[in-house]
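Numbering (our numbering), first residue to last: 2 to 195.
A virtual CB, placed ideally from N, CA and C, is assigned to each residue, including glycine.
Written out below as structure tokens is the structure these notes cover.
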DNA sequence: AAAATGATGCTCT
DNA sequence: GAGCATCATTTTC
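Shown next, in the form of structure tokens:
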């Protein structure tokens, strides 16, 4: 897959976008990692989505162009990295939940002393800590070549499994199976399938 | 092995 | 003032 194809998928359907991002590579300087777990969040029809209640200062980048970084702070502790989807004005985003480190392992290990490699990026908060992603990266175009933070599309589609999204209360969209994981990398994922 | 808890702060009502 | 798209540590079976 090339960048323009990934861009088109994200623009048309956030669910397909979440699947297409499996196997893609996150690049930030010398750091590289392959995405193996994602979740799709839609708009007015998805009570679990930040965009459900309309545009706010926090979620405004979800309403902008697809393929941008939507980064927000959660639980007073963690930054979360999302990739925006759907056309301008129609908000949706894919939460990046876990990745397999490919390059820059030394830096990631230093940032997370004592963790085995499999758990360096096995969770949305851990991933942003390993990559040092925070407020500064919010709104960046992830599909432009050579940007400070970018995503390289996967070369071939990965076989995946799906399940309910993590941390969603009953009645708020817990029943939709919009969490996707690479079947070959379940050991690198944030938590086992339910 | 699983469940409970505390850390810690921003966003929206 | 309540509620979070979490994580690591501690406590309990």
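Inter-residue CB distance, residue 70 and residue 41 (contact presumed, cutoff 8 Å):
That belief does not hold up - the Cβ atoms of residue 70 and residue 41 are roughly 16 Å apart, past 8 Å.
C-beta atoms of residue 188 and residue 119 nearer than 8 Å
yes
Which of the three DSSP states, helix, strand or coil, is assigned to residue 176?
DSSP places residue 176 in coil when its eight states are reduced to three.
Ordered along the chain, which non-local residues of its own chain (more than five positions away) have a Cβ less than 6 Å from that of residue 51?
Around residue 51: 60.
With distances taken Cα to Cα, identify the nearest neighbour of residue 1 among 149, 98, 148.
There is simply no residue 1 to check, as the chain begins at 2 and stops at 195 in what is shown.
Between which two residues does the beta strand (DSSP E) harbouring residue 102 extend?
93-104
Does the beta-carbon distance from residue 174 to residue 47 come in below 8 Å?
yes
Where does the unbroken alpha helix (DSSP H) through residue 8 begin, and where does it stop?
4-13
Any chance the region 18-33 sits against the region 150-164, with 3 or more Cβ pairs inside 8 Å?
yes
According to the neighbour-count rule (16 or more other Cβ atoms, all chains shown, within 10 Å of its Cβ), is residue 78 buried or exposed?
exposed
Euclidean distance between Cα positions of residue 110 and residue 101:
For residue 110 and residue 101, the distance between alpha carbons rounds to 13 Å.
Near residue 11, which residues of its chain fall below 6 Å by C-beta distance, leaving aside the five closest residues on each side in sequence?
18, 67, 68, 86
Delimiting residues of the beta strand (DSSP E) encompassing residue 164
Per DSSP, residue 164 belongs to the beta strand (DSSP E) from 161-164.
For the beta strand (DSSP E) that contains residue 32, what are its first and last residues?
32-42
Host beta strand (DSSP E) of residue 156 (start-end)
No beta strand (DSSP E) holds residue 156; DSSP gives it neither H nor E.
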